[in-house]
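In short: position in the sequence shown from 1, add 1, done, that's the working numbering.
Quick reminder that beta carbons are idealized off the backbone N, C-alpha and C, glycines included.
Right, one structure below, let's go through it.
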Amino acid sequence: MFSREPTASAAPIVGRLAPSPTGAQHVGNARTYLIAWLAARCAGGRVVLRIEDIDSPRVKAGAFEQTCIDLRWLGLDWDEGPIIQTQRLPEHRAALDQLLARDLVYPCTCTRGDIERAASAPHLDHEGPLYPGSCAHRRVADAASLGSQPAWRFRLPAESPVFHDAFLGEQRIDLHRVGGDFVVWKFAGTPAYQLAVVVDDAAQGVTQVVRGDDLVTSTPRQLLLYATLGLQPPAFCHVPLVVGTDGRRLAKRHGDTRLAALRAQGVTAESLLGLLAWSCGWLPKVEPIALRELLPLFRLDTIPRQPFVLEPALLRGIGYSA
Ligand code: GLU
Ligand code: ZN
Numbered sequence: 002m003f004s005r006e007p008t009a010s011a012a013p014i015v016g017r018l019a020p021s022p023t024g025a026q027h028v029g030n031a032r033t034y035l036i037a038w039l040a041a042r043c044a045g046g047r048v049v050l051r052i053e054d055i056d057s058p059r060v061k062a063g064a065f066e067q068t069c070i071d072l073r074w075l076g077l078d079w080d081e082g083p084i085i086q087t088q089r090l091p092e093h094r095a096a097l098d099q100l101l102a103r104d105l106v107y108p109c110t111c112t113r114g115d116i117e118r119a120a121s122a123p124h125l126d127h128e129g130p131l132y133p134g135s136c137a138h139r140r141v142a143d144a145a146s147l148g149s150q151p152a153w154r155f156r157l158p159a160e161s162p163v164f165h166d167a168f169l170g171e172q173r174i175d176l177h178r179v180g181g182d183f184v185v186w187k188f189a190g191t192p193a194y195q196l197a198v199v200v201d202d203a204a205q206g207v208t209q210v211v212r213g214d215d216l217v218t219s220t221p222r223q224l225l226l227y228a229t230l231g232l233q234p235p236a237f238c239h240v241p242l243v244v245g246t247d248g249r250r251l252a253k254r255h256g257d258t259r260l261a262a263l264r265a266q267g268v269t270a271e272s273l274l275g276l277l278a279w280s281c282g283w284l285p286k287v288e289p290i291a292l293r294e295l296l297p298l299f300r301l302d303t304i305p306r307q308p309f310v311l312e313p314a315l316l317r318g319i320g321y322s323a
């Protein structure tokens, strides 16, 4: 896995791009997709495009079409898809039903506010507070008497899965300290990310997942679901994010780094690819390069461990002022 050469005997490699249409794709997304795409293509693998639109309140009109335009502009093609995640609700529901039938989940009626008030420790930005277990005494059958539709939480076993990350190495994340029992089905009656991503990656034959390292704490949860549902997990590779000069994840406050905005100012895909390739240690200096020329240069071990700081001067160097 994540080697350069296709292996004759092993199962075919399948990678994926899984954008959420919750906003425009920016330089940070492009870097992660580039790494994911190259990791699959360099191994002779296929690429699936899945649009993760289950977070419906945050989905933006037109973002799906725009994402396809952005990926095509970069030259990141796919063999299957776009598969629309919300069209797979019956499969997600079937997975929940398995968990319900085995009493592996329990109904939770806590609001975000309830959980925050009960949290004893400060929490990581994106992770949210540790779930205090307020509803953990319930069984599945208790849901009938609750009056309103609950969310469903997966009850953690004592041990959290340890896994090998192709970029980060061995990961030991104790879910009892990070997040706690986690939601697999939301109040809204829709699947949570953790469940949908597992059901879909498995159904779509994905063998390697490359994504931003903000999701590394999701992986042990997903591995629990793979094991519980009797599904084969993919290999995982979490890569550092792109941040602004303040060290925070790329966002509007860092100026307009949307791919569409770069394009509108005449930046070519080759110029951006050159910048991204340099940031990954594949080129000694920033110079325009075609995607196919990156295939022989791709490797994981030259990618810096730290987030890539997108200095405005780097963008100016490829002809863009944010
Ligand atoms: N849809 C997620 C995102 O755009 C990615 C999820 C994943 O790669 O597992 O952040
Ligand atoms: Zn609860």
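- Arg-51 counts as buried, since at least 16 other C-beta atoms from the protein chains shown sit within 10 angstroms of its C-beta.
- With fewer than 16 other Cβ atoms inside 10 Å of its own Cβ, Glu-312 counts as exposed.
- Within its own chain, the residues whose Cβ lies closer than 7 Å to the Cβ of Ala-31, once the five positions on either side in sequence are excluded, are Leu-75, Leu-260, Leu-273, Leu-277, listed in chain order.
- Burial state of Thr-303 is exposed, judged by a 10 Å Cβ sphere holding fewer than 16 other Cβ atoms.
- Look at which beta carbons fall closer than 6 Å to any heavy atom of ligand 2; those residues are Cys-109, Thr-110, Cys-111, Ser-135, Cys-136.
- At least one heavy atom of ligand 1 sits closer than 8 Å to the Cβ of Gly-213.
- Here the C-alpha atom of Ala-144 lies approximately 40 Å from the C-alpha atom of Val-240.
- Residue environment analysis places Pro-151 among the buried positions, since at least 16 neighbouring C-beta atoms fall within 10 angstroms of its C-beta.
- Proximity of the stretch 19-37 to the stretch 102-110 falls short of the contact definition, fewer than three beta-carbon pairs being nearer than 8 Å.
- Apart from the 5 residues on each side of it in sequence, Glu-117 sits with its Cβ closer than 7 Å to the Cβ of Pro-130 in its chain, given in chain order.
- Between the alpha carbons of Gln-88 and Arg-222 lies a gap of roughly 23 Å.
- Just so you know, the alpha carbons of Ala-62 and Pro-22 end up roughly 8 Å apart.
- Between Ala-137 and Arg-113, the C-beta gap is not smaller than 9 Å, which leaves the two residues out of contact.
- DSSP places Tyr-107 in the strand class (E or B) of the three-state scheme.
- The three-state reading of DSSP puts Cys-238 in strand, counting E and B together.
- Comparing C-alpha distances from Val-141 to each of Trp-279, Gly-213, Pro-108, Ile-55 shows the shortest one belongs to Pro-108.
- Glu-53 has its CB nearer than 8 Å to a heavy atom of ligand 1.
- At least one heavy atom of ligand 1 lies less than 8 Å from the C-beta of Val-210.
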